[in-house]
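Q: Just dropping this structure here.
In the working numbering, the protein residues as written are 36 to 471.
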């Protein structure tokens, strides 16, 4: 892409040189905007109506036509919330700063979103890209580096504006280019989903059917398990591992001033990863946290962590014992090997039946202990368990590598998308003669 033929100094540090025929203006001289409001959350009669009320959590996608929460007519009237007409441009300026989307219908927003109102004199398709790049550059930062915007900063935000005909050309060009990129990204995201499904299917087949598809079979007596190799046994998990062993066993055997591994829920990944290990004194952890040993397997029991697959084999834990979130079930195998047990907890039957067995209120559902105790598994001899786990280690590593490579490609595409938009709306490249 070629640059514009002539540039001038903008006088703005982050902007640098700009096309000589473009203008720098304050937002308030070009755009009209309004903010929304949040009706009292203590008034149940304000919620559950039919009026679309957009919060930042709803701003996923280019066009927003629905919301997770809706307001009643009474809420609109008593709170005096301004209507955002269809075609307005929404911009989040609090908490998650910088999300941009169009209103796909008449709607309302909360106070964390400004609505830039449509006008025959402006091309909001252009401002969709411009604001995503430039408005946040006018923000202040707090001591933690977080971007801060308010209505005054927005009104006085400096924007780089090309002539109207160029605005349309830029919007058309970026619509085309970003649509192509978004389609490629979506395909790669779908590939990751398929690879994750393949990963689970490979594990499920290996721990329920074995590695030899031609091995003689016998009925397992378990509907979801079906026929299993004739030399396998069927056991309840509690007959193959100790479930949630008592921490009292360490009394008298461990120095309570000793520092041991500590795993909050966020340190455990969805495919067995352990992202970080904290160290804390046993004295500080004994009361109020779940206890485990290096020989154990842990599995999240609370929604949505269980459904997402959070859990790990602790064979590489840095200390012999450790503690973690109270929302883990702990398995200590005694007649099966640790890694084989770990893969059982990765299988579809364990996940699907565990989810179906959950109890508790919405948002706080948990897999009960009696489910994991009575869950039935196919058990080959120790040698075959090692063969299966070695196979799964290799196979899942290959799949994980492909997923990681695809994720890196997505990141690079997203970075290119952001850079392309910035280069176009700041005039670093000239697209006026480009056909799309």
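Where a beta carbon is used, it is the ideal one built from N, C-alpha and C, also for glycine.
(1) What residues are listed by DSSP as bridge partners for residue 313?
(2) Does the separation of the CB atoms of residue 242 and residue 413 fall below 8 Å?
(3) Residue 368: which of 384, 349 and 362 sits nearest, CA to CA?
(4) Roughly how many whole angstroms lie between the Cα atoms of residue 408 and residue 366?
(5) Are there 16 or more other CB atoms within 10 angstroms of the CB of residue 267, so buried, or fewer, so exposed?
(6) With DSSP collapsed to three states, give me the class of residue 59.
(7) Pick from 82, 189 and 88: whose alpha carbon is nearest that of residue 64?
(8) Might you give, ordered along the chain, the residues of its own chain that have their beta carbon closer than 8 Å to the beta carbon of residue 477, omitting 5 neighbours on each side?
(9) Closest to residue 146 by CA distance: which of 129, 93 and 318 is it?
(10) Quick one: Cα of residue 151 to Cα of residue 76, how far?
(11) Ends of the beta strand (DSSP E) at residue 262?
(12) Does the contact criterion of 3 or more C-beta pairs under 8 Å hold for the stretch 299-308 versus the stretch 257-266?
(13) Which ranges would you report for the beta strand (DSSP E) in the stretch 367-414 if only whole runs of at least 3 residues count?
(14) Could I get the ranges of all uninterrupted beta strand (DSSP E) runs contained in the stretch 51-112, with 3 residues as the minimum, in chain order?
(15) Closer than 6 Å by C-beta to residue 460: which residues in its own chain qualify, once you throw out the five before and the five after it? Chain order, please.
(16) Less than 8 Å between the CB atoms is what I'm expecting for residue 122 and residue 159, so what's the real figure, rounded?
(17) Please determine if the stretch 66-85 and the stretch 104-115 are in contact, where contact requires at least 3 C-beta pairs separated by less than 8 Å.
(18) So what's residue 469 in DSSP terms, helix, strand or just coil?
(19) Measure the CB-CB distance between residue 59 and residue 216 and report whether it falls below 8 Å.
(20) Suppose contacts are defined by Cβ-Cβ distances below 8 Å. Is residue 345 in contact with residue 393 by that definition?
(21) Excluding the 5 residues flanking residue 208 on each side, which residues of the same chain have their C-beta closer than 8 Å to its C-beta?
(22) By Cβ distance below 8 Å, which residues in the same chain neighbour residue 323 in space, the five residues on each side in sequence not counted?
(23) If you reduce the DSSP assignment to three classes, tell me which class residue 329 lands in.
(24) According to the neighbour-count rule (16 or more other Cβ atoms, all chains shown, within 10 Å of its Cβ), is residue 428 buried or exposed?
A: So, to answer that:
(1) Here residue 313 refers to the residue found at position 278 when the chain shown is read from its first residue. In the DSSP output, where bridge partners are listed per residue, residue 313 has 297.
(2) Locating residue 242 in the chain shown gives position 207, where the first residue counts as 1. Locating residue 413 in the chain shown gives position 378, where the first residue counts as 1. Yes, the Cβ-Cβ distance between residue 242 and residue 413 is below 8 Å.
(3) For the purposes of this step, residue 368 is taken as the residue at position 333 of the chain shown. Checked all of 384, 349 and 362; the closest Cα to residue 368 is 349.
(4) As a first step, residue 408 must be located in the chain shown, where it is residue number 373. As a first step, residue 366 must be located in the chain shown, where it is residue number 331. Near 10 Å, if we compare the C-alpha coordinates of residue 366 and residue 408.
(5) Start at 1 with the first residue of the chain shown, and residue 267 comes out as number 232. Burial call: buried.
(6) Here the question's residue 59 lines up with position 24 in the chain shown. Strand at residue 59.
(7) In the chain shown, residue 64 corresponds to position 29, counting from 1. With distances taken between Cα atoms, residue 64 lies closest to 189.
(8) This structure leaves residue 477 out entirely; the chain is present only between 36 and 471.
(9) As a position in the chain shown, residue 146 is number 111, starting the count at 1. The shortest C-alpha separation from residue 146 is found at 129.
(10) Translated into the one-based positions of the chain shown, residue 151 becomes position 116. Translated into the one-based positions of the chain shown, residue 76 becomes position 41. Taking the straight line joining both Cα atoms gives about 26 Å.
(11) What you label residue 262 is simply residue 227 of the chain shown in a count that begins at 1. Here the beta strand (DSSP E) through residue 262 covers 262-264.
(12) no
(13) 411-414
(14) 52-54, 58-61, 68-70, 82-89 and 104-106
(15) For this step, residue 460 is matched to residue 425 along the chain shown. So the qualifying residues of the chain are 164, 165 and 168.
(16) For the purposes of this step, residue 122 is taken as the residue at position 87 of the chain shown. For the purposes of this step, residue 159 is taken as the residue at position 124 of the chain shown. Rounded, the Cβ-Cβ distance is 7 Å, consistent with contact.
(17) yes
(18) Taking the chain shown and counting its residues from 1, one reaches residue 469 at position 434. If DSSP states are grouped into helix, strand and coil, residue 469 belongs with coil.
(19) For the purposes of this step, residue 59 is taken as the residue at position 24 of the chain shown. For the purposes of this step, residue 216 is taken as the residue at position 181 of the chain shown. Against a cut-off of 8 Å, the Cβ pair of residue 216 and residue 59 comes out as no contact.
(20) Here the question's residue 345 lines up with position 310 in the chain shown. Here the question's residue 393 lines up with position 358 in the chain shown. Not in contact: residue 345 and residue 393 (Cβ atoms no closer than 8 Å).
(21) Position 173 of the chain shown, counting from 1, holds the residue named residue 208. Taken in chain order, the residues that qualify are 459, 466, 469 and 471.
(22) Numbered from its first residue, the chain shown carries residue 323 at position 288. So the qualifying residues of the chain are 361.
(23) In the chain shown, residue 329 corresponds to position 294, counting from 1. Reduced to three states, the DSSP call for residue 329 is coil.
(24) On the chain shown, position 393 is the one that residue 428 refers to. Exposed, because fewer than 16 other Cβ atoms sit within 10 Å of the Cβ of residue 428.
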